[in-house]
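> The following block contains the structure, expressed as structure tokens.
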Amino acid sequence: MDEKKREFVTKEDICTHYGDEYDRHLGAIVPPIFQNTLFTRKTMNHGYTYTRVSNPTTEIAEKKIAALEEGEEARCFSSGMAAITAALMHVLEKDCHIVCPSNVYPPTRGFLETYMSKFGVETTFVTGESLSEIEQALRPETKAIYLETPLSNLFTLQDLRAVADIARAKGIVTIVDNTWATPLYQNPIALGIDIVVHSATKYMGGHSDILAGVMIGRQSVMDEITHRERGMFGAAMDPHQAWLLIRGLRTLPVRMRQHQESAMKAAAFLESHPMVQRVFYPGLESHPQYELGRSQMSGYSGLFSFVPKGNREQITGFMKSLKLFEEGPSWGGFESLINSPGLWLDEEASARTGIPQGLVRLSIGLENTDSLLADLDDALHRMKRF
Ligand SMILES: Cc1ncc(COP(=O)(O)O)c(C=O)c1O
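Numbered according to this note's numbering, the sequence shown terminates at residue 667, and the numbering increases by one at each position without gaps.
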């Protein structure tokens, strides 16, 4: 850690002040948005040229996130998928091989399966739950292991330290989607992972008003990506988006504390509810990988899933009866959401994906915890009537 970073020893301090450089911006407590595409240089050699390459506002977000993730440098992208595809395109080569959990975020899976296959890249999909399964999947031409832990449907984990050790010994690059845990609760680079990616659209932005992505890793790699995958594909973050991301980061620690507290209570409440079959949340002691979770995460976020005891009509009725949970696909914002990844699965699809029929996913927002629990309880009891 350099001298400047040492002053900001806590994640809260990094989120609130690190990288803001008040002296550089006339003491403004909120640094300005540099909403410009080019930087002239006749009178001043400041190092900036064009916003697709670098921008002072975007750099503030990048400095904060690199420090939070305990990585050397970060680069911001226009969305999480832009960061994910840039990382994969950077690491993968023609005719190489990659290992990836099968229940990874579906567009990431789609990118490997249907897009990278155009370049002869083969993917072995694994559950990710056992180390030997990952080891057995490796080939001489394996270039990368892509992880997402916890996975955002059944919330199973992959062992970051162990996978990083195996990969490093074989010269394989490791990439982790760390969106669920956020850099507050899990730091894969400190555990030996090479590259971390995030959808900052979720908790980091936190207000469901920006699409944003970020990648963190070694400075040499980030510099190459600046000019190649970000510079050439062009999916750089817009300065206004970066400014909103910085605003989201300032309150990330207090928001995450609340998401965690409410989600813990909601998951425990549902686990003992007579109308619930099973809950999938790494923060519950009943989670099969609870100990692994404790060894690599320092906290839990607000997204989890469960299976209500009911048929398709009853579960649909339960979802419609909820008053505080809107129905929607994203997560990590201030608002509570419900989504139904398992509701329309037939038996074959359920067996193939491992996702139980009837599985619903909750993103626990920042509403009052007791009100959320009461809403869930009320809607579960109404379920019998449908
Ligand atoms: C786990 C995970 N990773 C990545 C993404 C993609 O992020 P974005 O929507 O910002 O492109 C998502 C989006 O839902 C996600 O859930």
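From the three backbone atoms N, C-alpha and C, an ideal C-beta is built for every residue, glycine too.
(1) Out of Val311, Pro313, Pro337, which has the shortest C-alpha to C-alpha gap to Leu319?
(2) So, using beta-carbon positions, are Phe615 and Met664 closer together than 8 Å?
(3) By the DSSP assignment, the alpha helix (DSSP H) with Cys296 in it spans what residues?
(4) Which first and last residues belong to the beta strand (DSSP E) in which Met496 is found?
(5) Might you give, ordered along the chain, the residues of its own chain that have their beta carbon closer than 7 Å to the beta carbon of Tyr386, omitting 5 neighbours on each side?
(6) Going by C-alpha to C-alpha distance, which of Glu410, Glu414, Ser411, Thr423 sits closest to Thr404?
(7) Please confirm if Asn649 has its CB atom under 8 Å from at least one CB of chain C.
(8) Unbroken beta strand (DSSP E) runs of length 3 or more, entirely within the stretch 398-461: which are they?
(9) In the DSSP assignment, the beta strand (DSSP E) including Phe587 goes from what residue to what residue?
(10) What is the DSSP secondary structure of Phe358, counted as helix, strand or coil?
(11) Going along the chain, which residues of its own chain have a beta-carbon closer than 7 Å to the beta-carbon of Pro610, five neighbours each way excluded?
(12) My output table needs one value for Phe667: the three-state DSSP class, helix, strand or coil.
(13) Which residue comes first and which comes last in the alpha helix (DSSP H) that contains Gln636?
(14) Between Glu542, Glu607, Gly591, which lies nearest to Gln558 when the distance is taken from Cα to Cα?
(15) Would you decide whether Ile379 is buried or exposed? Buried here means 16 or more other CB atoms lie within 10 Å of its CB.
(16) Please report the straight-line C-alpha distance between Glu350 and Gln595, rounded to a whole angstrom.
(17) Around the Cβ of His568, are there at least 16 other Cβ atoms within 10 angstroms (buried) or fewer (exposed)?
(18) Have a look at Pro555, Asn326, Pro622, Tyr484 and flag the residue whose alpha-carbon is nearest the alpha-carbon of Tyr581.
(19) For Glu607, which of helix, strand or coil comes out of DSSP?
(20) Check whether the Cβ atoms of Ala549 and Leu565 sit closer than 8 Å, and answer yes or no.
(21) If we count the other Cβ atoms within 10 Å of its Cβ and call it buried at 16 or more, is Gln500 buried or exposed?
Considering the structure as presented:
(1) Pro337
(2) no
(3) 292-297
(4) 494-498
(5) Glu429, Ser433, Asp458
(6) Thr423
(7) Within the model displayed, chain C is absent; a lone protein chain is all it includes.
(8) 403-407, 423-429, 454-458
(9) 584-589
(10) strand
(11) Asn620
(12) coil
(13) Reading the sequence as shown, one finds Ile at residue 636 and not Gln. First-last for Ile636: undefined, no H or E at that position.
(14) Gly591
(15) buried
(16) 42 Å
(17) buried
(18) Tyr484
(19) strand
(20) yes
(21) exposed
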